[in-house]
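Colleague: This is the structure I want to talk about, given as structure tokens.
Residue numbers (the numbering used here), protein chains in the order written: chain A, 111 to 378; chain B, 111 to 378; chain C, 111 to 378.
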């Protein structure tokens, strides 16, 4: 038996015992892993998939009974559906770009307690549209934005940090956080929640920004292990606050469990 | 050193580094894994274990202080306890068969946010009985039903689908979903919740059924990442709706993360 | 190629396929794993880390906007922050010792639905203090107590048990469970929740104790898969009840998934 045969034999033997395709991935790797579509399902309702085990779908003419149960404005016969296992902030920011770019409205934003064993949320976001082409376009835009909006999600085994920034908030951000439309907006998230409190304090002390929302495990989250602030103000001040929060949060989470890399690539 | 010795040495070396008995199991494999009892605990309260990390127990004479705290009808001195880490739908359907078959009532159905890192629920179901033998019988029936009622739970790394059907709903289904007793009943669940919305729409469009309940991450679930509808109507119509929902749901979840096999064996 | 070369080659080949450093850890191993600090983050707010992915922090002068959003009594300009991914009971008991030992008060105790895929909670506990040195001391005491208070947390793949006992409850226990200050206190937790019901019944039947709180997946928990009772009474009676609950709980959880070892070392 030569060397190559032996190697094959070893690998075969190992496959009986362990799943060679499986690694135990970090939460954020889990999020990243399913960003590609395995195969197009061949249904007209399908728009695409993205990072965070996210799927985008449309319904051209939503069933009237479901329309009523979901409490959707009667003027929308079409809906866009964006939902994932990991991430709510990234999806809300992506949806915000989508409503800016299309003739749609945000019907609802719901936060599941998810992230596949992680400390945060998953989400379900519904766009309303009069035409299915608009709903589809909104979902397409949002799916495409997700790679960017996951850029300042940093994770390791202990938890995660999330930072978001936009120079001009639109209706998804307004719906989710009550932040004013048209102004700069920032989101600061730390998990476990203890880190988020420190990040919030740093953000608010760094520059002259207004805190429009504070959420914590028992208030305003879906019992996620996060502390979250939403801030608004001048765009320079908001950015500065976000960066300060990221810096102190990164020090804490690194002290807990080592390096916490970006899920994709930082944009702030 | 011959080939076999070498193989042993390789395996020994590897065991220092990795747990050869461990695979990273899919959620639904996790559910299946603990269906056998490791050893009878030797206590009279124990009835059995089942799929979904489920345990069945009875208390012959529940302590009076606990009786009051749990808000149990005074006429029941005995309770049956059915609870698991993965699954609420399967347990409710199983409990429904149990109340049909025994002299018991459903005291409460509570949904934990669980599934061991998955997108769904775990549960705690309490049966009330005047005699402990009735409570025990109810738990036995329910435990036995679970293999069947997990049959249309399909899962992969992205999420899961759940379909349930009965020709005649009883009091557990009525308690959980407000569906009428004695009529055909169907349950349609999709996770992540985005898929569930599309499945709900398909179910309601397929046949003339009534939607008795719609739940989503922030409404009616325990913040699970699921959209759920409960339907009632003629038995043929309910079945047809369920099958249509399963078909479109399967296409979506397969597009996200590849094949999503049944946890046990489909019954619908 | 000699034997050692071959072994190296096998290991290299395997590293392409699997993460040799990764084992799939039990929940409670996960809790234990991050009890050491990877590196001091070099910020004055940092106090330390502990078991359960716990971090302890202080803020000397909390930002006024955050102070208001967090609804903290105006007399406290400093806060201590204690939070972790796994454990709420251990942290509440540890915080209770901390308030006994320091000039601080409990501002809030919030329970996340966490434990990194397990059945229980994570937590965020805020101490209020007039001086940062007091806040720091409280967090230090609490971090140090956690090794002990995780001692009667027992877990395996199916779930976990948690028992806590103190001869004299203080203000953290009072805040969390409404138990009287100065009296003996016990906590009985079982997950999945079915086990917790049986443990509660056993605890209350064993000795003359008072049940001050009962929580279950849909009532009083953050949708965790636990049933929980908090008991008070004579110290001997409370201990006896706790031990009886542990005994029956251990039998159940062992029947589900084999041995359920202590996270650290039993103290009751």
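The beta-carbon is built from N, C-alpha and C at its ideal position, and this holds for glycine as well.
On a predicted model such as this, the values are computed, not experimentally measured, just so you know.
#1: In angstroms, rounded to a whole number, what distance separates the CA positions of residue 181(C) and residue 308(A)?
#2: When the Cα of residue 343(B) is compared with those of 290(B), 231(B), 328(B) and 222(B), which residue comes out closest?
#3: Output, in chain order, the set of chain C residues within a Cβ distance shorter than 7 Å of residue 194(B).
#4: For the alpha helix (DSSP H) holding residue 351(A), just list the boundary residues, first then last.
#5: Residues of the stretch 290-320 of chain C in Cβ contact with chain B at a cutoff of 7 Å, in chain order, please.
#6: Residue 151(C) CB to nearest chain B CB: under 7 Å?
#7: Under 8 Å Cβ to Cβ from residue 206(C), same chain only, skipping five residues before and after it: list those, please.
#8: DSSP on residue 165(A), reduced to helix/strand/coil?
#9: According to DSSP, what are the bridge partners of residue 234(A)?
#10: Could you pull out every residue in the same chain whose Cβ sits closer than 8 Å to the Cβ of residue 323(B), ignoring the five residues on either side in sequence?
#11: Give, in chain order, every unbroken run of the alpha helix (DSSP H) that is at least 4 residues long and sits entirely within the stretch 260-323 of chain A.
#12: Using DSSP with H/G/I as helix, E/B as strand and the rest coil, what is residue 153(A)?
#13: Out of curiosity, what's the CA-to-CA distance linking residue 353(C) and residue 313(C)?
#14: Would you please verify whether the beta carbon of residue 268(A) is less than 7 Å from any beta carbon of chain C?
#15: Could you tell me if residue 368(B) is buried or exposed, where buried requires 16 or more neighbouring beta carbons within 10 angstroms of its beta carbon?
#16: Candidates 230(B), 157(B), 241(B) and 371(B): which alpha carbon is nearest residue 212(B)'s?
#17: What residue from 149(C), 163(C), 378(C) and 152(C) has the CA that sits closest to residue 267(A)'s CA?
#18: For the putative contact between residue 158(A) and residue 253(A), defined by C-beta atoms under 8 Å, what is the C-beta separation to the nearest angstrom?
#19: Leaving out the 5 sequence neighbours to the left and right, which residues in its chain are closer than 6 Å to residue 355(C) when beta-carbon positions are compared?
#20: Excluding sequence positions up to five away, which residues of its chain have a Cβ less than 6 Å from the Cβ of residue 376(C)?
#21: Any idea which residues DSSP pairs residue 202(B) with across the strands?
#22: On the premise that residue 204(B) lies in contact with residue 333(C), defined as a C-beta separation below 8 Å, what is that separation, rounded to the nearest angstrom?
#23: Taking Cβ-Cβ distances shorter than 9 Å, what residues in chain C pair up with residue 244(B)?
#24: Rounded to a whole number of angstroms, what is the C-alpha to C-alpha distance between residue 374(B) and residue 197(B)?
#25: For a contact meaning CB atoms closer than 9 Å, what does residue 227(A) contact in chain B?
#26: Report all residues from its chain with a CB closer than 7 Å to the CB of residue 326(C); omit the five preceding and five following residues, and keep chain order.
#27: Quick one: which chain A residues come within Cβ less than 7 Å of residue 159(C)?
#28: Quick check: does the Cβ of residue 220(C) come within less than 6 Å of any heavy atom belonging to the ligand ADP?
#29: Let me see if you follow: with CB-CB separation under 7 Å, is residue 148(B) close to chain C or not?
#30: Reducing DSSP to helix, strand and coil, say where residue 241(B) ends up.
#31: Between residue 327(A) and chain C, is there a C-beta pair that is closer than 7 Å?
#32: When burial is assigned at 16 or more other CB atoms within 10 Å of the CB, is residue 178(C) buried or exposed?
#33: What is the DSSP secondary structure of residue 211(B), counted as helix, strand or coil?
#34: Measuring CB to CB, does residue 350(A) end up less than 7 Å from residue 317(A)?
#35: Looking only at DSSP bridge pairs, what is residue 329(A) linked to?
#36: If the cut is a Cβ gap below 8 Å, which residues of chain C does residue 69(A) touch?
Modeller: Once the coordinates are examined:
#1: 16 Å
#2: 290(B)
#3: 302
#4: 345-367
#5: 302, 303, 304, 305, 307, 308, 310, 311, 314 and 315
#6: no
#7: 276, 279, 280, 281, 282 and 283
#8: strand
#9: 193(A) and 220(A)
#10: 287, 288, 289, 330, 338, 339 and 340
#11: 281-287 and 303-316
#12: coil
#13: 8 Å
#14: yes
#15: exposed
#16: 241(B)
#17: 163(C)
#18: 5 Å
#19: 298, 309, 312 and 313
#20: 261 and 262
#21: For residue 202(B), which the question treats as bridged, DSSP gives no partner whatsoever.
#22: About 21 Å separates the two Cβ atoms, so there is no contact after all.
#23: Here the premise fails: no neighbours, minimum Cβ distance about 18 Å.
#24: 13 Å
#25: 226, 227 and 228
#26: 303 and 337
#27: 365 and 366
#28: Among the ligands in the structure shown, none appear at all, so the ligand ADP cannot be discussed.
#29: yes
#30: coil
#31: yes
#32: exposed
#33: helix
#34: yes
#35: 326(A)
#36: Any property of residue 69(A) remains undetermined from this structure, which presents chain A solely from 111 to 378.
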